[in-house]
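Q: Under our numbering, the first residue of the sequence shown carries the number 4, and numbering increases by one thereafter. Cβ atoms here follow ideal geometry from the backbone N, Cα and C, with glycine treated the same way.
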Amino acid sequence: MTPLNIAGQGADATRHFMITNENAPAVTEACKPKQSKETIALQEELCNELKRSMFAKVNADVVALEDEVVFVIDAPAEDFIQEDCQDASLDLPATPVVPAFRYKLLTDDDLRQLPAVEWRIKNVLPAHGLAVVFGPSGSGKSFLVLDMLQSLSLGHEWFGRRVKPCSVTYVSLEGEAGLANRVEAYRIHHGETSTQIRYTVQPFSLLNADDINELALAIQAAGAGDVVVLDTLSRAAPGSDENDSKAMGQIVASAKMLQEMIGGLVLLVHHTGKDASKGMRGHSSLHAALDCAIEVKRTGDHREWVLAKSKDGEDGASHPFKLDVVPLGNDCDGDEMSSCVIVANQSAPAVEKKMATLGSNQAIALKALEEALCKSVDIDKDGAPQGSPCLRFDRALSIVTPLMPADAKHQKPRAKDALAGLVKRHRVGMNGDWLWLN
């Protein structure tokens with residue numbers, strides 16, 4: 004078998020097929036590209052191979068078997084494509100095509116180009132995610148939430164914080180009989196109420212997929228999905244054991260499903276346990292899943308709300324308020340009616356109490372502990388609050404140590420210091436060998 008040489012004699016030279024294999028047919032008009040289907044097919048095959056190679060000015064040996072004839076191409080690739088492969092109608096990209104990857108790896112510059120956190124209430128309530136307002140019965144949390152929603156919908160500042168106006172849906176599952184009076188009291192006190200808030204007082208369950216779907220569809224149809232409030236969580240998850248990790252996991256997953264369907268923020272109104280100092284009632288996995296938590300406290304006549312958790316805001320800030328009674332006239336029996344409105348308590352001392360700022364190592368350690376405690380099956384160890392997941396100190400240390408930004412020799416001591424700092428600042432409780440989140 005003798006090679007057939009296609010030699011490039013310059014960009015303007017005419018190339019000829021020279022067959023020297025004595026068993027091959029003689030050169031005839033049929034051998035020319037425009038007269039032989041086999042030759043055209045072979046040309047296209049050669050051109051496709053060159054297209055895949057994506058290299059210009061490369062001398063390539065392309066071997067194709069056709070009647071046991073071997074072709075050796077000795078010409079610049081781009082010249083060959085331009086002059087001999089016109090019939091193949093090649094459309095070569097100017098630069099090699101980079102494959103599309105599912106995961107995009109970002110540089111520091113890319114991170115700086117990412118959009119900033121979007122707020123509904125500046126540095127308090129995020130525009131997206133899952134949030135909770137919680138407090139004991141009688142603390143005024145439902146009045147506070149309604150006041151917040153009116154400010155959000157009207158675009159008014161809330162406790163001196165800037166607000167981005169948005170649509171609102173309020174799902175009242177507890178105390179719905181007094182909802183109309185609360186809205187009327189707000190209108191009388193402030194001179195207006197928002198017509199953009201949507202209310203529903205029908206039963207709803209986060210444990211029912213049909214309920215979630217139907218509520219989301221109604222909210223989307225009304226265009227009221229920027230902030231959706233479920234008041235209260237216990238009524239939105241009837242029969243569920245809030246202290247059970249599996250049950251709470253289902254509640255959180257359902258709330259996030261609703262959030263994804265509406266695309267905004269889901270705000271849950273929740274109760275504290277019997278001991279209000281121990282925080283929200285139920286399993287701590289709820290706290291770990293939140294983007295924002297606002298705690299409402301009451302001591303006698305003194306009330307305040309505290310930003311207990313904010314992933315991107317400034318937690319620890321406390322704001323006093325009081326409930327003012329608003330007369331609503333008489334009912335059908337002639338009895339006086341009234342309700343209450345929220346008023347910032349200007350007479351209280353300036354209360355910008357802030358939790359001690361965490362160091363960078365402590366923040367890393369706290370985040371790692373939150374994730375680990377969500378998966379812990381050890382509950383109520385050595386004096387931990389009821390229902391609190393716990394973690395042995397040695398286990399916590401082994402989780403935090405490799406995360407410390409230091410050389411291997413200093414990681415463990417810094418992890419110990421970070422854990423000790425969290426305990427000192429009461430962000431983490433500890434007794435004996437066990438740790439838990441406060």
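1) Count the other C-beta atoms from every protein chain shown that fall within 10 angstroms of the C-beta of Phe104, then say buried if there are 16 or more, exposed otherwise.
2) Would you report the Cα separation of Gln199 and Leu128, rounded to the nearest angstrom?
3) Nearest to Ala258 by alpha carbon, out of Ala421, Asp214, Asp385?
4) Check whether the stretch 234–252 and the stretch 108–123 touch, using three or more Cβ-Cβ pairs below 8 Å as the test.
5) DSSP three-state label for Arg230, please.
6) Kindly provide the ranges of any alpha helix (DSSP H) runs that are 4 or more residues long and lie completely inside the stretch 175–234, ordered along the chain.
7) Helix, strand or coil for Asn434? Go by DSSP, reduced to three states.
8) Using the Cα positions of Leu114 and Lys300, report the straight-line distance between them to the nearest angstrom.
9) Could you compute how far the alpha carbon of Pro323 sits from the alpha carbon of Met264?
10) Which residues bound the alpha helix (DSSP H) around Asp397?
11) For a test of the three-state rule: what should DSSP assign to Ser142, helix, strand or coil?
12) Between Val100 and chain C, is any beta-carbon pair separated by less than 8 Å?
13) Give a yes or no on whether the C-beta atoms belonging to Tyr202 and Val344 are separated by under 8 Å.
14) Can you check DSSP and say which residues form a bridge with Arg164?
15) Under the three-state reduction of DSSP, which class applies to Met260: helix, strand or coil?
16) If we count the other Cβ atoms within 10 Å of its Cβ and call it buried at 16 or more, is Gly432 buried or exposed?
17) Rounded to a whole number of angstroms, what is the C-alpha to C-alpha distance between Arg417 and Ala371?
18) The alpha helix (DSSP H) with Leu425 in it runs from where to where?
19) CB Val272 to CB Val186, shorter than 8 Å?
20) Grab me the residues of Ser379's own chain with a C-beta within less than 7 Å of its C-beta, minus the 5 sequence neighbours each way, in chain order.
21) Could you check what DSSP says for Gly252 in three-state terms: helix, strand or coil?
22) Hey, out of Lys281, Gly303, Asp294, whose CA is closest to Glu121's CA?
23) For a quick check, are the C-beta atoms of His274 and Ser140 less than 8 Å apart?
24) Residues in its own chain within less than 7 Å of Asn348 by CB, not counting five upstream and five downstream?
25) Leaving out five residues before and five after Glu179 in sequence, what residues of the same chain have Cβ atoms less than 6 Å from its Cβ?
26) Under 8 Å between the Cβ atoms of Val171 and Asp234?
27) To which residues of the same chain is Ala421 closer than 8 Å at the C-beta, ignoring the five residues directly before and after it?
28) From Ser313, Asp327, Ser154, Leu268, pick the residue whose C-alpha is nearest to that of His290; which is it?
29) Per the DSSP calculation, Thr172 is bridged to which residue(s)?
30) So Leu310 is in the beta strand (DSSP E); what residue range does that whole segment cover?
31) Can you give me the C-alpha to C-alpha distance between Ala240 and Phe146, rounded to a whole angstrom?
A: Taking the definition as stated:
1) Within the sequence shown, numbered from 1, the residue matching residue 104 stands at position 101. Answer is exposed; the Cβ neighbour count stays below 16.
2) As a position in the sequence shown, residue 199 is number 196, starting the count at 1. As a position in the sequence shown, residue 128 is number 125, starting the count at 1. Here the alpha carbons of Leu128 and Gln199 stand approximately 19 Å from one another.
3) Indexing the sequence shown from 1 puts residue 258 at position 255. Nearest of Ala421, Asp214, Asp385 to Ala258, Cα basis: Asp214.
4) Pairwise C-beta distances place the stretch 234–252 out of contact with the stretch 108–123, as fewer than three of them are shorter than 8 Å.
5) As a working mapping, residue 230 is identified with position 227 in the sequence shown. Note on residue identity: the sequence assigns Val, not Arg, to residue 230. If DSSP states are grouped into helix, strand and coil, Val230 belongs with the strands.
6) DSSP runs (the alpha helix (DSSP H)) wholly in the stretch 175–234: 182–193, 212–225.
7) For this step, residue 434 is matched to residue 431 along the sequence shown. Residue state, collapsed to three classes: strand.
8) Counted from its first residue, the sequence shown places residue 114 at position 111. Counted from its first residue, the sequence shown places residue 300 at position 297. Between the alpha carbons of Leu114 and Lys300 lies a gap of roughly 38 Å.
9) On the sequence shown, position 320 is the one that residue 323 refers to. On the sequence shown, position 261 is the one that residue 264 refers to. Between Pro323 and Met264, the C-alpha separation is close to 35 Å.
10) Counting from 1 along the sequence shown, the entry for residue 397 is found at position 394. From DSSP, the alpha helix (DSSP H) with Asp397 extends over 396–403.
11) As a working note, residue 142 is residue 139 in the sequence shown. Of the three classes helix, strand and coil, the one that applies to Ser142 here is coil, per DSSP.
12) Structure shown: chain C not included; a single protein chain is present.
13) The residue labelled residue 202 in the question sits at position 199 within the sequence shown. The residue labelled residue 344 in the question sits at position 341 within the sequence shown. In this structure, Val344 does not lie closer than 8 Å to Tyr202 by Cβ.
14) The residue labelled residue 164 in the question sits at position 161 within the sequence shown. Answer by DSSP bridge pairing, in chain order: Trp161.
15) The sequence position of residue 260 within the sequence shown is 257, counting from 1. For Met260, the three-state secondary structure derived from DSSP is helix.
16) As a position in the sequence shown, residue 432 is number 429, starting the count at 1. Taking every protein chain shown into account, the CB of Gly432 has 16 or more other CB atoms within 10 angstroms, so this residue is buried.
17) Within the sequence shown, residue 417 is the residue found at index 414, counting from 1. Within the sequence shown, residue 371 is the residue found at index 368, counting from 1. Arg417 and Ala371: Cα-Cα distance of roughly 14 Å.
18) Taking the sequence shown and counting its residues from 1, the one referred to as residue 425 is at position 422. Run containing Leu425: 411–427, per the alpha helix (DSSP H) assignment.
19) In the sequence shown, residue 272 corresponds to position 269, counting from 1. In the sequence shown, residue 186 corresponds to position 183, counting from 1. With respect to Val186, Val272 sits apart: the two C-beta atoms are not nearer than 8 Å.
20) Along the sequence shown, read from residue 1 onward, the residue named residue 379 stands at position 376. Around Ser379: Pro392, Cys393, Leu394.
21) Along the sequence shown, one-based indexing puts residue 252 at 249. Of the three classes helix, strand and coil, the one that applies to Gly252 here is helix, per DSSP.
22) Indexing the sequence shown from 1 puts residue 121 at position 118. Selected option, being the one with the closest Cα: Asp294.
23) Taking the sequence shown and counting its residues from 1, one reaches residue 274 at position 271. Taking the sequence shown and counting its residues from 1, one reaches residue 140 at position 137. Result yes, Cβ atoms of His274 and Ser140 sit closer than 8 Å.
24) As a position in the sequence shown, residue 348 is number 345, starting the count at 1. Within the same chain, Pro323, Phe324, Lys325 come within 7 Å of Asn348 by CB-CB distance, once the 5 residues on both sides are set aside.
25) Taking the sequence shown and counting its residues from 1, the one referred to as residue 179 is at position 176. Val204.
26) Position 168 of the sequence shown, counted from the start, is the residue given in the question as residue 171. Position 231 of the sequence shown, counted from the start, is the residue given in the question as residue 234. Not a contact, by the Cβ cut-off of 8 Å.
27) Position 418 of the sequence shown holds residue 421. Closer than 8 Å at the Cβ level, and outside the excluded window around Ala421, lie Gly362, Asn364, Gln365, Ile367, Ala368, Val403, Met407.
28) Residue mapping note: residue 290 aligns to position 287 of the sequence shown, counting from 1. For His290, the nearest C-alpha among the options comes from Ser313.
29) Counting from 1 along the sequence shown, the entry for residue 172 is found at position 169. Under DSSP, Thr172 takes part in a beta bridge, and its partners are Arg201, Val231.
30) Numbered from 1 along the sequence shown, position 307 holds the residue referred to as residue 310. Taken as a continuous stretch (DSSP letters only), the beta strand (DSSP E) holding Leu310 covers 305–313.
31) Position 237 of the sequence shown, counted from the start, is the residue given in the question as residue 240. Position 143 of the sequence shown, counted from the start, is the residue given in the question as residue 146. Going by C-alpha positions, Ala240 is about 22 Å away from Phe146.
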